[in-house]
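Working notes, structure below.
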Amino acid sequence: MSASTSPRPTLLSRVCAYTAAVFPSANRVARDTPTERDRAVDVARIASLLVVMFGHCFLVLATLTGSSLWVGNVLGEMPALRPITWILQVMPLFFLAGATSAAYGLDRAAPRRQPWGLWLFTRAQRLCRPVFVYLALWSLALAATRVILGPTAGAQLGEQCVALLWFIGVYLAVLAFVPALTRLSSPRSFAVLVVALLGLAAVADAARIRFDSLVPGMPNFLIVWLIPVVIGVAYSRRYLTTATALVMAAAAFVATIVLVAAGPYELALVVTGNETMSNVTPPTLVLGLHCVWMSLLFVAAADRIGRWAQRPHVWRWVAIGNGGAMTLYLWHIPAIVAAILILHTAGLDVYSPEQAGFWPLMALRALVFAVVMTLVFAALLPVEHRRLPWWDDRVTAAGGRAVAMGALVCAGGVAILLMAKQSLGDPVGWAALVVFVVTLGSARAVASARMEPQLVRDDREYEEPLARASSAESSPVPAE
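Here is the structure:
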């Protein structure tokens, strides 16, 4: 049969082909993965992401009463569970994984290292692409909500939909330090820097307590989250032995216990809804010490984790998950809401630890959430990797232009952090959103398009567990 008369693909065949592209086989993933890849870092990223996703699913209490949605927090209702937040607070591993990957990429590109600001912007291109899409869709949804349900409903929704974007802002800011950190040349220099950061965090906490204000503690968003970044770069240099990492982790863990026992620090390391001194907004010395011991535990276990990830079927799912990490992170809260609404239609709200069958109902919600999130992941993964016109063009800059690009990216990070904390239920949050878009757009405008063919691999390619020859539009690659 000639090509012109061959039958058109059926819907089923198209679905099968799409599924194979989103969820490639173990053999294909293994074939496309560079042999030198540090798979432990990818395991840390996807494992911590899964903890965040299912942690949020299990911690939410919700029920619909009439036309209003009541939302509570399991930790607020069950204080005895707060110690588990020392396990659930896995954001240090996100920052460690990102810093380690960035350091590896810089090492690979050492002979042709880009200027600092240009390098930071190229990282922001990949990270912010799905964020732009997410914000555009939510802006339309919030506008429609205000028109249909009124400004109060719009404000309530706006308070929830961008809360998780604080990570994007902080990550852009701490990432700016990685090129300088890669130039440190001894284990001692990294150790001194971590101790100095802990000391600065303590000073910020003291000022916060002394003046009874959150403002003096705000620098800790940078100070505390730099700690796992420093440890991640040190790990990329193999400066820490397993024994050293374990001893230092134990010391940091004991120090954390002492601080919490002595006060005034809270036990919980996540939001509970009734904190007197939150450890996360802004971060505290307790969270800084938590970053130390959790990051060092990973360093101590990294070799074993890497060997485990050599198993083809393990690595398959690790690589696929990393390929859509931003899709999972950005869209898991809407997926949780969808799971709650689905169960509500069946009369299966999970609203109180005292209700009959609370834990089985919570497990059922987690199962429904997993199904919904899988469907969302499959549907939106191509959006994450579809290049945006102009924004995703390969660019070049040098000198003052490159410095300006880096400064604008950092300013954009501060803006999106402010937006996440103020929310889109507040005019300040909307103003911060405008600043975020304008600053990053300005960073792109400062650059010049790079028209010459690329003869060498880009240093960002270390981020990709799968060394694919196809375009970003047609195959998934991992996120930051």
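The working numbering applies: residue 92 is where the sequence shown begins, and numbers increase by one. We treat Cβ as the ideally placed atom computed from N, Cα and C, and that holds for glycine. If you're wondering where the values come from, they're calculated on a predicted model, not measured in any experiment.
Among Arg478, Leu466 and Gly397, whose alpha-carbon lies nearest the alpha-carbon of Thr126? Gly397
Could you tell me whether the Cβ atoms of Ala416 and Arg136 are closer together than 8 Å? yes
N-terminal and C-terminal residue of the beta strand (DSSP E) that Ala538 is part of: Per DSSP, Ala538 belongs to no beta strand (DSSP E) and is neither H nor E.
Is it buried or exposed for Val475, if we count other Cβ within 10 angstroms and need 16 for buried? The sequence given here places Glu at residue 475; Val does not occur at that position. Buried is the call here.
Between Leu419 and the rest of its own chain, which residues show a CB-CB distance below 6 Å, the 5 nearest in sequence each way excluded? Leu140
From the beta carbon of Leu160, is the nearest beta carbon of chain B less than 8 Å away? In the structure shown, chain B cannot be found, because there is only a single protein chain.
Classify Ala506 as buried or exposed, calling it buried when 16 or more other Cβ atoms lie within 10 Å of its own Cβ. buried
Contact set for Leu284: own chain, Cβ-Cβ below 6 Å, skip 5 residues either direction: Val321
Just the Cα atoms here: how many angstroms apart are Leu317 and Ile433? 40 Å
Pop quiz: Thr363 and Asp296 are said to be a contact at Cβ under 8 Å. What is the actual Cβ separation, rounded to whole angstroms? That belief does not hold up - the Cβ atoms of Thr363 and Asp296 are roughly 19 Å apart, past 8 Å.
If you draw a straight line from the C-alpha of Leu350 to the C-alpha of Tyr356, how long is it? 7 Å
Extent of the continuous beta strand (DSSP E) to which Leu153 belongs: Reading the sequence as shown, one finds Ala at residue 153 and not Leu. Run containing Ala153: Val151 to Thr156, per the beta strand (DSSP E) assignment.
Please report the residue range of the alpha helix (DSSP H) in which Ser327 lies. Asn311 to Ser327
Quick one: is Ala352 buried, meaning 16 or more other Cβ sit within 10 Å of its Cβ, or exposed? exposed
Kindly indicate the opening and closing residues of the alpha helix (DSSP H) around Thr273. Here Thr273 belongs to no alpha helix (DSSP H), and DSSP marks it neither H nor E.
If Ala430 sits next to Phe212, beta carbons under 8 Å apart, how far is it from one beta carbon to the other, in whole angstroms? That pair is no contact at about 37 Å.
Let me make sure I understand the geometry here. Which of Gly260, Arg329, Ala343 and Ala469 has the alpha-carbon closest to that of Leu289? Ala343
What is the rounded straight-line gap between the Cα of Trp177 and the Cα of Asp133? 21 Å
Counting only runs that start and end within the region 157–181, where is the beta strand (DSSP E) found for 3 or more residues in a row? 159–164
Nonlocal neighbours in the same chain, by C-beta distance under 6 Å from Tyr225, ignoring five residues either side: Leu421
For Val459, does the three-state DSSP call read helix, strand or coil? helix
Does the distance from the C-beta atom of Leu228 to that of Thr236 stay below 8 Å? no
Taking the alpha carbon of Thr347 as the point to measure from, which residue in Tyr330, Val383, Leu331 and Thr333 has its own alpha carbon closest? Val383
Helix, strand or coil for Val526? Go by DSSP, reduced to three states. helix
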